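Undergrad: For what it's worth, the numbering used here labels the leading residue of the first sequence as 1, then goes sequentially.
Next up is a structure, given as structure tokens.
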Amino acid sequence: MRIATWNVNSLKARLPRVEEWLGYARPDVLCLQETKLSDAAFPHMAFAAQGYESVHHGDRQWNGVAILSRVGISDPVAGFVSSLEPDADTRLISAWCGGVHVSSVYVPNGRSVDSDHYEYKLAWMAKLRQHVDSLGKPGDPVAVGGDFNIAPADTDVWDPAHFVGSTHVSEPERRALAELEDWGLVDAFRGRYPDEDGLYSYWDYRAGDFHEHRGMRIDLILMTASLASRVRWALVDRNARKGKLPSDHAPVFVDLDP
DNA sequence: ATGGTAGAGCATCTA
1 MRIATWNVNS LKARLPRVEE WLGYARPDVL CLQETKLSDA AFPHMAFAAQ GYESVHHGDR
61 QWNGVAILSR VGISDPVAGF VSSLEPDADT RLISAWCGGV HVSSVYVPNG RSVDSDHYEY
121 KLAWMAKLRQ HVDSLGKPGD PVAVGGDFNI APADTDVWDP AHFVGSTHVS EPERRALAEL
181 EDWGLVDAFR GRYPDEDGLY SYWDYRAGDF HEHRGMRIDL ILMTASLASR VRWALVDRNA
241 RKGKLPSDHA PVFVDLDP
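Below, the structure is given as structure tokens:
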């Protein structure tokens, strides 16, 4: 089973690239972020033509998350579980896909560590922890894929010195991520490459960052141990960051043995 | 490398 995540930075602008990628990568499940589409505008039919069912939780202009699956989708839930205060933004959708409970998340960016948006980011992560807690037990097959806007470790950024004092690498953000891991979620991609650096998933459009290898690994696929123990392979598809009209993120996927 | 680019929508805001 191949589970993937991709921040597409506007699905309207990126649909041809996503269709192309589905055609050759053929993930079983794909979590999308930043669709920037209303639910009415989501291209379900285009994905159905490639064999994918889809669910979407979107906004007219910003954010927007979706799950595509060719192994079935059932019981979709938009946003946090009903016991939690609803989020004003469309940053989370969950569904059962082929026996796995999948969530697609778009964690707030945070902007700067002294901003209200940073506090919102930390509060959002705390709520995601509660959300995951209410989904089930760490022994259940749970996968959370998405743009976490957090680099788990210094090896996940091109130059740690450049990011001192910035969001994405701060101790509170990393602690929030570690609390998800404490519950029982494993960074499946890092598990496959414990010692390699330079494995980025995002490169700023500006200043030639992609070609200069100035990136960050902020797109993660977290899994409970029962799934993570089945990881056969994992990859960032950098080719999808090249060429005509790319997103600023590359798709990340993990392959699980049966 | 406090600039730079891309996408939203039409003046700026967000990343």
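Ideal Cβ placement from N, Cα and C applies to all residues, glycine included.
Please read all numbers here as calculations on a predicted model, not as lab measurements.
Whole alpha helix (DSSP H) runs in the segment 201-257 with 4 or more residues, listed along the chain?
TA: Whole alpha helix (DSSP H) segments, 4+ residues: 225-228.
Undergrad: On the criterion of 16 or more Cβ atoms from any shown chain inside 10 Å, does G215 qualify as buried, or is it exposed?
TA: Within the first sequence, residue 215 is the residue found at index 215, counting from 1. The residue in question, G215, is buried, as its Cβ has 16 or more Cβ neighbours within 10 Å.
Undergrad: The beta strand (DSSP E) that contains Q33, what's its start and end?
TA: To locate residue 33, count along the first sequence from 1; it is residue 33. First-last of the beta strand (DSSP E) with Q33: 29-33.
Undergrad: Near D89, which residues of its chain fall below 6 Å by C-beta distance, leaving aside the five closest residues on each side in sequence?
TA: The sequence position of residue 89 within the first sequence is 89, counting from 1. Hits under 6 Å: N63.
Undergrad: When the Cα atoms are used, what is the spatial distance from R17 to R206?
TA: Working through the first sequence from its first residue, we reach residue 17 at position 17. Working through the first sequence from its first residue, we reach residue 206 at position 206. Those two C-alpha atoms are separated by around 20 Å.
Undergrad: In three-state terms, what does DSSP make of W124?
TA: By 1-based counting over the first sequence, the position of residue 124 is 124. In the structure shown, W124 sits in a helix (DSSP, three-state: H, G or I).
Undergrad: Quick check on the DSSP output: what are the complete alpha helix (DSSP H) runs of length 4 or more inside the segment 24-93, in order along the chain?
TA: As far as the segment 24-93 is concerned, its whole alpha helix (DSSP H) runs of at least 4 residues are 44-48.
Undergrad: So, helix, strand or coil for W21, using DSSP?
TA: Locating residue 21 in the first sequence gives position 21, where the first residue counts as 1. Three-state result, W21: helix.
Undergrad: Out of curiosity, what's the CA-to-CA distance linking Y35 and R111?
TA: Along the first sequence, one-based indexing puts residue 35 at 35. Along the first sequence, one-based indexing puts residue 111 at 111. Per the sequence shown, residue 35 should be read as Thr rather than Tyr. Computed Cα separation, rounded: 20 Å.
Undergrad: Start and end of the beta strand (DSSP E) containing R192?
TA: Working through the first sequence from its first residue, we reach residue 192 at position 192. Not the beta strand (DSSP E): R192 falls in the alpha helix (DSSP H), residues 188-192.
Undergrad: For S54, which residues in the same chain have their Cβ closer than 8 Å to its Cβ, ignoring the five residues on either side in sequence?
TA: As a working note, residue 54 is residue 54 in the first sequence. F42, H44, F47, A48, A66, I67, L68, S69, I73, listed in sequence order.
Undergrad: Is it buried or exposed for D33, if we count other Cβ within 10 angstroms and need 16 for buried?
TA: Taking the first residue of the first sequence as position 1, residue 33 is located at position 33. Per the sequence shown, residue 33 should be read as Gln rather than Asp. Classification of Q33: buried, given that the 10 Å Cβ count is 16 or more.
Undergrad: Which one of D197, G58, L30, Q50 has the shortest CA to CA distance from S38?
TA: Your numbering for residue 38 matches position 38 in the first sequence. Closest option to S38, Cα to Cα, is G58.
Undergrad: Would you decide whether W233 is buried or exposed? Buried here means 16 or more other CB atoms lie within 10 Å of its CB.
TA: Counting from 1 along the first sequence, the entry for residue 233 is found at position 233. Counting Cβ neighbours within 10 Å, W233 comes out exposed, since fewer than 16 surround it.
Undergrad: Select from G99, N149, G51 the residue whose C-alpha is nearest the C-alpha of R91.
TA: Here residue 91 refers to the residue found at position 91 of the first sequence. Closest option to R91, Cα to Cα, is N149.
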